[in-house]
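Shown next, in structure tokens, is the structure this report addresses.
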Amino acid sequence: MSDAHIVELETLRRQLEQLHELFAAVIDETRPTPDNPHVMPWPELLSKFNVLAGKYAILSHTVGKKHASLLKELAVVPQTQPNGIHEQNIMSVLLRTKLAPEIEKEEENIWAQVESEAQQDQHHELLAVTAMGSFNSLRKAHADRVQQLLAEALESKPVEPLAAPSETEAEATDKPVSLEDILAFTSSGKLT
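Residue numbers (our numbering): 819 to 1010.
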């Protein structure tokens, strides 16, 4: 391992220690104590959480992008043996975060398949949008053609305006009609 790698790892270790100290300080500040039994106000707690989340995101990005190739070549080993069962459980969780190589390859294959299916979905969506556009343009062309034919039909055959009803017809429509008259009219057959 070169000196440059050692310097990078030392910088990373310092950043992790600072983040750990910041987490510990926030946890201590948020716990009620006998001297201060009140819980921290929500805006202040949210502000502290945002600072923690930002620092964690920056460190995570740095580790993932800048130091990924270097960290893949290293193994993590604790400097001291864990004392209690609780510490042993924590170590087992921390040390088993890397997947087995065959599982890692399978996961990569699954992600590749998901990406190809997403591209196919985008292609199908594009085809559907194109088909909908074609359908709408055909429907508009059909409506325009019907309107044109209707206009031609109206131009070739003059339409007679409706005459206003005479006074006797108007008076006839004002008379009440009995149910028997309506039934007789509807059962009389075709109108001529």
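For glycine and all other residues, C-beta sits at the position ideal for the given N, C-alpha and C.
All of these numbers come straight from a predicted model, not from anything done at the bench.
Report the option in M909, S974, N854, K866 whose CA atom is closest to the CA atom of L840. By one-based count along the sequence shown, residue 840 stands at place 22. That would be K866, whose Cα lies nearest to the Cα of L840.
Distance CB(L1083)-CB(K873) smaller than 8 Å: This structure leaves residue 1083 out entirely; the chain is present only between 819 and 1010.
Rounded to the nearest angstrom, how far is the Cβ of L830 from that of H885, given a contact under 8 Å? Reading the sequence shown from its first residue, position 12 is the one you call residue 830. Reading the sequence shown from its first residue, position 67 is the one you call residue 885. Indeed, because the Cβ distance is near 6 Å, the residues count as touching under 8 Å.
Does DSSP put S820 in a helix, in a strand, or in coil? Your numbering for residue 820 matches position 2 in the sequence shown. S820: coil per DSSP, three-state reduction.
Do L917 and E926 come within 8 Å of each other at the CB atom, strictly closer than that value? The residue labelled residue 926 in the question sits at position 108 within the sequence shown. The residue labelled residue 917 in the question sits at position 99 within the sequence shown. Cβ distance not < 8 Å, so E926 and L917 don't count as in contact.
Please go through the same chain and pick out, in chain order, the residues whose beta-carbon is closer than 8 Å to the beta-carbon of L888, but skip the five residues on each side of it. Here residue 888 refers to the residue found at position 70 of the sequence shown. Excluding residues up to 5 positions away in sequence, H823, E826, L827 lie with their Cβ nearer than 8 Å to the Cβ of L888 in the same chain.
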